[in-house]
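J.: Sequence positions in the sequence shown follow full-length UniProt numbering and run 1 to 120.
Note that the Cβ used here is the ideal one computed from N, Cα and C, for glycine as well.
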Amino acid sequence: MSLSIVKSVLPSGVVEIAPRGEIDVDTAYEVREAIAEVLAKGRPARIELNMRLVTFIDSVGISAMVAGFQTAEVSGVKLAVTEPSRFVHRQLWVTGLLGLFGAPEPYYAGTAAPEVLPGA
Numbered sequence: 001m002s003l004s005i006v007k008s009v010l011p012s013g014v015v016e017i018a019p020r021g022e023i024d025v026d027t028a029y030e031v032r033e034a035i036a037e038v039l040a041k042g043r044p045a046r047i048e049l050n051m052r053l054v055t056f057i058d059s060v061g062i063s064a065m066v067a068g069f070q071t072a073e074v075s076g077v078k079l080a081v082t083e084p085s086r087f088v089h090r091q092l093w094v095t096g097l098l099g100l101f102g103a104p105e106p107y108y109a110g111t112a113a114p115e116v117l118p119g120a
């Protein structure tokens, strides 16, 4: 599967980058380039990586996200992950990077997020 990336400016002025597909050794550079392109055009207050439609991400993809985070931070721009797919959420959690990207809750397609019971 290939990767496509849609960039848009939300009404709040936040720039959303929404990859769709697999972020791996063959496509990770596209994520880095999308972040760099946004930063080259200006300095939004925030960039959101909407990861809802990402079906797979490997260590090279995670590395590209971290590099994008660092590039944005040096530019004074906050980069956060929104709506990560369950797979992406799990990978960020396992690598200890979930907090770096704003600790987003996983996206559950077509359903409300499951309730977390007290003490669970």
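Whole beta strand (DSSP E) runs in the UniProt domain "STAS" (13-97) with 3 or more residues, listed along the chain?
T.: Runs found: 15-23, 46-50, 53-57 and 78-82.
J.: Under the three-state reduction of DSSP, which class applies to Leu100: helix, strand or coil?
T.: In the structure shown, Leu100 sits in a helix (DSSP, three-state: H, G or I).
J.: Buried or exposed for Ala103, going by 16 or more other Cβ atoms inside 10 Å?
T.: Exposed: under 16 other Cβ atoms inside 10 Å.
J.: With distances taken from CA atoms, which of Thr71, Val14, Val54 and Val74 is nearest Leu107?
T.: According to the sequence as given, residue 107 is Tyr; it is not Leu. Selected option, being the one with the closest Cα: Val54.
J.: Using three-state DSSP, classify Ala113 as helix, strand or coil.
T.: The pLDDT assigned to Ala113 is 49, lower than 50, so where the model puts this residue is not dependable, and the model offers no usable value.
J.: Does the distance from the C-beta atom of Leu98 to that of Gly68 stay below 9 Å?
T.: Taking 9 Å as the Cβ cut-off, Leu98 and Gly68 do not qualify as a contacting pair.
J.: Along the chain, where does the beta strand (DSSP E) containing Leu3 start, and where does it finish?
T.: It spans Leu3 to Val9 - the beta strand (DSSP E) in which Leu3 sits, taken as one unbroken run.
J.: Since Val6 and Val15 are thought to touch, with beta carbons under 8 Å apart, how far apart are those beta carbons, to the nearest angstrom?
T.: 11 Å between Cβ atoms; not a contact.
J.: Going by C-alpha distance, which of Glu30, Ala45, Glu22 and Gly21 is nearest Ala72?
T.: Cα-wise, what sits closest to Ala72 is Ala45.
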